[in-house]
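Written out below as structure tokens is the structure these notes cover.
Chains as they are written, first to last, in full-length UniProt numbering: chain A, 1 to 305; chain B, 1 to 257.
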């Protein structure tokens, strides 16, 4: 069964069409990176998935239920932490966790145990008796994630979960996601691509309200992998860039000193041709590597195409 | 009504932590208690403040205990209801603006559970404060004037409850509909003002069932009057309360979180 299915979602605010065609499907456990530039439609999509906003057209199914018809049922199965989580500021972190536990109808002992477990896991156990109003942005983010986990959700939705965190906090949260994704599906929106690259198993890219790509990370990287060669040569009098430009098998050549990044359409032909050229021109190389495209490069390629 | 009990306990806890449970009854008491004190002290105040020539005599008959009792609820009137609107106007609009509402509605809480919990907590606060104000003021009236019929006083106050609940229902509905707290308060005040003043100019039926008539009749009951006609305005006010509660729920559902 698919955990999350978005089918032709559209959303209009007045004259502005925020979402045009959001369609993708997520199956199984793991972490899904939901990528897009600011204003691409990430938060609007997430608000529709969590039932906080209604789509103008299209449908969303979460753990098999329609979000428009079975919102309450879906909310029992998901955990959600928005970009800037807000709380009742007069409550302490512990009181908030207990309150959320009661909403999910957990028993007293379970609430106490889950509160301790999650506040420790998110690194705010020591601040459990402090009023949330006095928390920093990072602490609120951690509490937001902790409370989203209290019901052991099947789908954890995190909207920009590391945006308010310092480098240590970011590292902690990413490690937490890495740990949690074995037990649930984590749908995480962000525009910090390095973070996604570390933890995501599946990538969904959205731009201007339209999903451009939805693919498992491995498949995505494989698809973009063998189209680039990184080459570093020994200092030479020959002009390698000029030589490469003459060959149609190489589509683009970027040079930085003695280092070259060579793009091609047919990696087999390029791999056959390049060593020949180097030998015939007497150019020695110190590094020859078929490059793996970074997520940032893939993202830029997908969005710009 | 899913999530009603956790929401209600949270609302009641908040009444205590914000000290509303303490200062709202004090404000309501101060509002009402000034009436018997003023009526008792009026001859003295006039004598001291009028600057009349020596020998001039002011004769003001001391008001009867029934007159004093009959003036307590009207003293609460518009000012009391403005205070109620000020207390309630941010209940939903404020949570929407701060983002807490998104955290709440991402959990299994129904709109009905959320709205009724806020309605009940707000109503409890207002009704308890009204009774506190009336009980203390009635006690002072008895000390300063004469023996009071407590049963009539409390029955009249009870009949006045739908009038204050109408203010709560209007303010909460506006809070569900508007994005700004101040806007919600302003619209609620205008609606309340229209509903309590306009019907008396719109024919005998609407005059009979209007909330302001209920307030008048409740005062009569406090004074022990036998000819109070309470049923029609009571039904009219309760119907208005139901209409605003229904409208508030509907608007909460329609508005995005």
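Virtual Cβ for every residue (Gly too), placed ideally from N, Cα, C.
Min CB distance residue i to chain A below 9 Å
i: residue 89(B); result: no
i: residue 259(B); result: Only positions 1 to 257 of chain B appear in the structure, and residue 259(B) is not among them; the question remains open.
i: residue 92(B); result: no
i: residue 217(B); result: no
i: residue 102(B); result: yes
i: residue 21(B); result: no
i: residue 9(B); result: yes
i: residue 178(B); result: no
i: residue 122(B); result: no
i: residue 110(B); result: yes
i: residue 204(B); result: no
i: residue 14(B); result: yes
i: residue 5(B); result: yes
Straight-line Cα distance separating residue j from residue i
i: residue 93(A); j: residue 4(B); result: 21 Å
i: residue 253(A); j: residue 220(A); result: 23 Å
i: residue 54(A); j: residue 215(A); result: 26 Å
i: residue 156(B); j: residue 219(B); result: 6 Å
i: residue 169(A); j: residue 150(A); result: 20 Å
i: residue 154(A); j: residue 5(A); result: 14 Å
i: residue 15(A); j: residue 56(A); result: 12 Å
i: residue 52(A); j: residue 114(B); result: 14 Å
i: residue 192(A); j: residue 203(A); result: 13 Å
i: residue 280(A); j: residue 209(A); result: 51 Å
i: residue 264(A); j: residue 278(A); result: 17 Å
i: residue 159(A); j: residue 190(A); result: 7 Å
i: residue 178(A); j: residue 295(A); result: 18 Å
i: residue 213(A); j: residue 84(B); result: 53 Å
i: residue 58(B); j: residue 223(B); result: 27 Å
i: residue 299(A); j: residue 241(B); result: 56 Å
i: residue 34(B); j: residue 212(B); result: 22 Å
i: residue 100(A); j: residue 75(A); result: 12 Å
i: residue 97(B); j: residue 25(A); result: 32 Å
i: residue 118(B); j: residue 11(B); result: 7 Å
i: residue 236(B); j: residue 227(B); result: 19 Å
i: residue 166(B); j: residue 185(B); result: 14 Å
i: residue 85(A); j: residue 183(B); result: 25 Å
i: residue 270(A); j: residue 117(A); result: 54 Å
i: residue 163(A); j: residue 304(A); result: 25 Å
i: residue 56(B); j: residue 45(B); result: 15 Å
First through last residue of the alpha helix (DSSP H) which encompasses residue i
i: residue 148(A); result: 137-148
i: residue 122(A); result: That residue, residue 122(A), is in no alpha helix (DSSP H); it is neither H nor E in DSSP.
i: residue 257(B); result: Premise fails: residue 257(B) is in no alpha helix (DSSP H) and is neither H nor E.
i: residue 124(B); result: 111-144
i: residue 17(B); result: 4-17
Closer than 9 Å to chain B by CB, residue i
i: residue 93(A); result: no
i: residue 54(A); result: yes
i: residue 86(A); result: yes
i: residue 51(A); result: yes
i: residue 147(A); result: yes
i: residue 102(A); result: yes
Coarse secondary structure for residue i, derived from DSSP in three states
i: residue 91(A); result: coil
i: residue 8(A); result: strand
i: residue 151(A); result: coil
i: residue 284(A); result: coil
i: residue 262(A); result: strand
i: residue 276(A); result: helix
i: residue 114(A); result: helix
i: residue 105(A); result: coil
i: residue 165(A); result: coil
i: residue 188(B); result: helix
i: residue 242(A); result: helix
i: residue 229(B); result: coil
i: residue 180(B); result: coil
i: residue 147(B); result: coil
i: residue 254(A); result: strand
i: residue 297(A); result: helix
i: residue 215(A); result: strand
i: residue 23(A); result: strand
i: residue 59(B); result: coil
i: residue 170(B); result: helix
i: residue 289(A); result: strand
Limits of the beta strand (DSSP E) - the one that residue i falls within
i: residue 30(A); result: 30-35
i: residue 231(A); result: 228-233
Test: residue i CB closer than 9 Å to a CB of chain C
i: residue 105(B); result: In summary, chain C is missing from the structure at hand, where the protein chains are A and B.
Self-check item: Ordered list of alpha helix (DSSP H) runs contained in the region 42-84 of chain A, each at least 4 residues
Solution: 42-49 and 71-77
Practice problem: Entirely within the region 178-213 of chain A and at least 3 residues each: give me those beta strand (DSSP E) ranges in chain order. | Solution: Runs of the beta strand (DSSP E) inside the region 178-213 of chain A: 185-190 and 202-207.
Quiz item: Where are the beta strand (DSSP E) runs, 3 residues long or more, that stay fully inside the region 61-100 of chain B, in chain order?
Solution: none
Quiz item: Going along the chain, which unbroken runs of the alpha helix (DSSP H) with 4 or more residues stay wholly within the region 192-218 of chain B?
Solution: Fully enclosed alpha helix (DSSP H) runs of no fewer than 4 residues occupy 204-209 of the region 192-218 of chain B, in order along the chain.
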